[in-house]
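Let me begin by presenting the structure, written as structure tokens, before commenting on it.
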Ligand code: FES
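In our numbering, the protein residues as written are 27 to 365.
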């Protein structure tokens with residue numbers, strides 16, 4: 027005998043699926059035609075993150091989990107590793123529309139543009155042969171040209187340029203992508219892409235929006251702000267805190283100030299965590315640029331960057347009484363060849 031799983035989405039839509047004994051929630055949803063956000067299906071990417079709000083479920087035995095301790099304590103689980111042991115209710119921090127699209131595409135693409143944005147950050151534009159249909163905040167996987175190595179990058183361009191997608195890439199000179207970009211990259215190079223992936227998308231919240239970006243974590247946040255600005259109705263108060271470790275790594279500051287011109291209620295803080303003696307701006311990591319008053323009880327928080335930044339943001343939000351389902355995180359893990 028199996029179980030029923032009630033899936034609650036951010037837009038208020040609820041779907042129910044049958045889960046067979048020993049079947050994961052993700053497999054049951056996919057079998058029922060619900061394309062839940064996922065990628066690795068093995069517990070390592072956190073794309074399938076959800077919150078168990080009722081019922082009992084175990085994890086697939088012996089499987090590692092990409093979740094942080096604070097996320098598990100807040101009830102978060104990975105749908106690809108979740109084995110219901112009874113009827114369950116699970117909440118997803120994205121709208122049901124995301125589940126209605128096609129599964130991720132894998133197609134040929136070409137390198138359409140290469141531009142250095144700062145000392146160690148490049149903008150890489152690619153033109154996929156097929157329309158990926160990504161939402162602002164999602165990411166794709168890119169095969170480094172001439173190699174069998176794939177890397178994941180958030181999409182930094184908006185839906186108004188669906189055929190040319192920009193990625194913001196941190197350069198590690200010894201890494202596979204860094205070596206390619208620094209030594210042999212040419213516009214027109216052939217590559218493959220797969221996507222879109224991820225559920226780091228705008229939520230349905232009328233309260234203030236707080237965006238926290240560490241380094242290249244700013245990439246997906248710019249198109250999310252653009253989407254927020256284009257939504258019908260009054261644009262909510264919006265705060266962006268962006269920091270890099272050194273000032274020469276900062277990038278897209280012109281893009282941020284352009285958005286300040288467009289949005290009267292956009293508050294931007296830019297900082298550097300290891301400033302030089304000549305730096306005259308704010309000092310600190312992105313989270314430290316925000317005073318507690320920025321986190322109002324009705325706000326929604328988006329954080330994109332290294333695991334430590336996400337963990338610290340969750341801890342601070344929890345202390346300030348912001349519920350876990352109003353904290354959206356996209357975690358950037360270092361690639362194996364950058365260690
Ligand atoms: S799909 Fe990657 S952790 Fe579940």
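Where is the CB? At the ideal position from N, CA and C, for every residue including glycine.
- DSSP places residue 202 in the uninterrupted alpha helix (DSSP H) bounded by 202 to 209.
- Cβ-Cβ separation between residue 245 and residue 269: approximately 14 Å, too far for a contact (criterion under 8 Å).
- The three-state secondary structure of residue 94, taken from DSSP, is coil.
- Residue 237 and residue 315 have their alpha carbons spaced roughly 11 Å apart.
- Within the same chain, 255 come within 7 Å of residue 288 by CB-CB distance, once the 5 residues on both sides are set aside.
- Short of 8 Å from the beta carbon of residue 89, and not among the five residues preceding or following it, lie these beta carbons of its own chain, in chain order: 68, 69, 107.
- For the pair residue 164 and residue 181, the CB atoms are nearer than the 7 Å cut-off.
- With 16 or more other Cβ atoms inside 10 Å of its own Cβ, residue 264 counts as buried.
- For the stretch 209 to 233, the full-length beta strand (DSSP E) segments reaching 3 residues or more read 216 to 223 along the chain.
- If you check the CB distance, residue 233 and residue 324 come in under 7 Å.
- DSSP places residue 151 inside the beta strand (DSSP E), whose first and last residues are 147 to 154.
- For residue 86, the closest alpha carbon among the candidates 279, 187, 52 is that of 52.
- Under the criterion of beta carbons closer than 8 Å, residue 150 and residue 202 do not qualify as touching, at roughly 13 Å.
- In this structure, the ligand FES has no non-hydrogen atom nearer than 6 Å to the beta-carbon of residue 291.
- Between residue 249 and residue 159, the CB-CB gap reaches or exceeds 7 Å.
- The beta carbons of residue 220 and residue 137 sit no closer together than 7 Å.
- Cβ contact annotation for residue 37 (same chain, cutoff 8 Å, sequence separation greater than five): 121, 122, 123, 230, in chain order.
- Within the model, the alpha-carbon separation for residue 208 versus residue 241 is close to 19 Å.
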